[in-house]
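Note that our numbering has the sequence shown beginning at 3, numbered continuously upward. C-beta atoms are modelled at their ideal positions from N, C-alpha and C, and glycine is treated no differently. The structure under discussion appears below in the form of C-alpha cells.
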Amino acid sequence: MSNPTPVPLVAVDVGNTRIKCGRFARGAPVSPHELPLPTATSHLDDLLAPGEDLAVWLDREGIDGAEAEWWIGSVHRAAASRLVGYLRDQLAATQITLLSAGDLPLEVQLPRPDLVGIDRLLAGLAAGRLRDNGQPTIVVDLGTAVTVDAVSAEGAFLGGAIMPGIGMTARAFHEFTDLLPLVDMTELGHQPAALGTSTQDAIRSGLFWGAVGGVRELVARLRQGLERPSLVVLTGGAAPSVAKLLDPGAVFAPHLVLSGIAWAAGCGRENE
C-alpha cells in the first residue's frame, strides 16, 4: 500500500505592502543550526485582494488549498482578515492558524509581548536556529520598516529598534515636498554613489547610505549590551545590498519570517 500524500503546510507572511507565501514539507529533516526552508514561494502584491494571484500559485504548485494547513503571521489586520475570509469562503480551507506571540516557542522578555510585531518575533525565533549554542543574535529586517532586534544567548527576544524603510522614506520625500521626485528604491542592483550628481541620485545616496549607517549604529549599540559576540542575521528586500556592508560574518536569510512561521507550526520539530 502506498503512503498517503502528506498534507502541505503553507506559511503566509502578511506584511504592510505584500504577502509572502511558502510551501513547507512536514517531516523533512532539519539539522541543528539550520532552518526549515520552503520548497516553493510566491509574492502576492495585491495586499487586500490576493485571491487571484494566490489561486494561480496554488494551481501551479499543485497545492489543494482546502486540504492544506495554513499558518499565518500578520502585521496588517485588514489584509489578514480578507485573506482568512478568502481561504474559508473560496478555498473551503479549515486548517487555518493566525499566529500570536503566545503561540511561539520563544521567550519574550518584554512587558507586552502581544504588542510586538509578530514578524519581529518570528524573525527572532528563526534567527535563533542559526546561531551557535550560547551565542546572542542580532536580527535585521530591511522591509517596509527596518527593524533591528536582539535575541539573548539563552534565546530570549529582548526588543530592539524600528525605523522607516528605504521605500517608505522615498515616498515620504515625494509626498511631503513640492519638488522632490519619487525615486524607485525597489531594485538596488548596486550601491549608489555617495556623491549624487542629480536630485534623484542624491536621494538614492541619502536613503541607502543613511539606512546603512543607521543599521550599523544600532547593531553596534545592541552588541554593547550583549555579553558575548553576536551573530548578525539579515532578511528583507534590501538586505542583499546591505549585508556585506555591515559584518563580514553576517548571514542573509531571505525566507527568515516564513521559516519562523514553519518552525512555530512544528515543521522540523517533529522528532524533538
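Which listed residue (the options) has its alpha carbon closest to that of residue i
| i | options | result |
| --- | --- | --- |
| PHE210 | ALA240, PHE26 and ALA155 | ALA240 |
| GLN193 | ALA204, LEU184 and PRO183 | ALA204 |
| ARG218 | VAL235, ARG206 and ARG230 | VAL235 |
| ASP15 | THR179, LEU233 and THR99 | THR99 |
| TYR88 | ALA42, HIS176 and LEU50 | LEU50 |
| LEU124 | LEU108, THR139, ASN135 and PRO138 | LEU108 |
| LEU212 | GLY162, VAL244 and GLU71 | The sequence as given places Gly at residue 212; Leu does not occur at that position. The shortest Cα separation from GLY212 among GLY162, VAL244 and GLU71 belongs to VAL244. |
| VAL58 | LEU93, HIS78 and ALA82 | LEU93 |
| ALA163 | ARG122, ASP47, LEU228 and VAL86 | ARG122 |
| ALA172 | SER207, LEU37, ARG133 and THR139 | SER207 |
| ALA266 | ALA128, ILE168 and PRO250 | ALA128 |
| PRO60 | VAL77, ALA42 and ASP47 | Per the sequence shown, the amino acid found at residue 60 is Leu instead of Pro. Per the Cα distances, ALA42. |
| THR146 | GLY270, LEU132 and PRO166 | PRO166 |
| PRO40 | GLY238, CYS23, SER102 and LYS246 | CYS23 |
| ARG62 | GLU71, SER44 and THR199 | SER44 |
| GLY169 | PHE159, THR188, LEU160 and GLU156 | THR188 |
| GLU229 | ASP47, SER83, ILE140 and THR199 | ILE140 |
| ASP249 | GLY238, ASP180, GLY268 and ALA222 | ALA222 |
| ASN18 | PRO256, GLN111 and HIS78 | HIS78 |
| LEU258 | ASP48, LYS246, ARG90 and GLY126 | GLY126 |
| ALA155 | PRO231, ASP48 and GLY238 | PRO231 |
| THR237 | GLY157, GLY198, PRO256 and ASP134 | PRO256 |
| LEU224 | ALA13, PRO138 and PRO38 | PRO138 |
| GLY136 | GLY198, LEU233, PRO38 and PRO242 | LEU233 |
Local conformation of residue i per DSSP, three classes
| i | result |
| --- | --- |
| VAL150 | strand |
| PHE210 | helix |
| SER76 | strand |
| THR199 | coil |
| SER4 | Bear in mind that a pLDDT of 49 at SER4, under 50, signals an unreliable position, so the model cannot answer this. |
| ASP180 | coil |
| ILE120 | helix |
| LEU11 | strand |
| LEU50 | coil |
| LEU132 | helix |
| ILE205 | helix |
| ASP143 | strand |
| GLY87 | helix |
| LEU100 | strand |
| GLY162 | strand |
| VAL253 | strand |
| ALA155 | coil |
| VAL16 | strand |
| VAL58 | helix |
Terminal residues of the alpha helix (DSSP H) in which residue i lies
| i | result |
| --- | --- |
| HIS176 | 168–177 |
| ILE1 | This structure cannot speak to residue 1, because the chain is shown only from 3 to 274. |
| LEU93 | Element bounds for LEU93: n/a, residue is neither H nor E. |
| VAL32 | Taken as a continuous stretch (DSSP letters only), VAL32 belongs to no alpha helix (DSSP H), as it is neither H nor E. |
| ALA70 | Element bounds for ALA70: n/a, residue is neither H nor E. |
| LEU248 | 241–248 |
Nearest-angstrom beta carbon gap, residue j and residue i [assumed within contact, 8 Å]
| i | j | result |
| --- | --- | --- |
| VAL142 | VAL150 | 5 Å |
| ARG28 | LEU56 | That pair is no contact at about 21 Å. |
| ALA68 | ALA95 | 6 Å |
| LEU106 | PRO52 | Wrong, their Cβ atoms sit about 24 Å apart, outside the cutoff. |
| ALA81 | ILE120 | Incorrect: roughly 13 Å between the Cβ atoms, too far for contact. |
| VAL253 | LEU160 | In fact, because the Cβ distance is near 19 Å, the residues do not count as touching under 8 Å. |
| TRP73 | LEU46 | The pair is not a contact, with the Cβ atoms about 16 Å apart (cut-off 8 Å). |
| VAL32 | GLY268 | Not confirmed; about 11 Å, so no contact. |
| ALA70 | VAL9 | 7 Å |
| GLY130 | GLY104 | About 17 Å; that fails the 8 Å criterion. |
The beta strand (DSSP E) enclosing residue i, as first and last residue numbers
| i | result |
| --- | --- |
| VAL110 | VAL110 -> no beta strand (DSSP E), and no H or E assigned at all. |
| VAL234 | 233–237 |
| CYS23 | 21–26 |
C-beta neighbour in chain C for residue i, strict 9 Å
| i | result |
| --- | --- |
| GLN97 | The structure shown has no chain C; it contains just one protein chain. |
Near the ligand SAM: residue i beta-carbon under 8 Å from a heavy atom
| i | result |
| --- | --- |
| ILE205 | Absent from the structure shown: the ligand SAM. Ligands present: none. |
Task: the stretch 167–185 / the stretch 112–120 touching (three or more Cβ pairs under 8 Å) - done: no
Open item on the list: For the stretch 164–181 against the stretch 249–262, do three or more pairs of beta-carbon atoms, one drawn from each stretch, fall closer than 8 Å, so that the two count as touching?
Closed with: no
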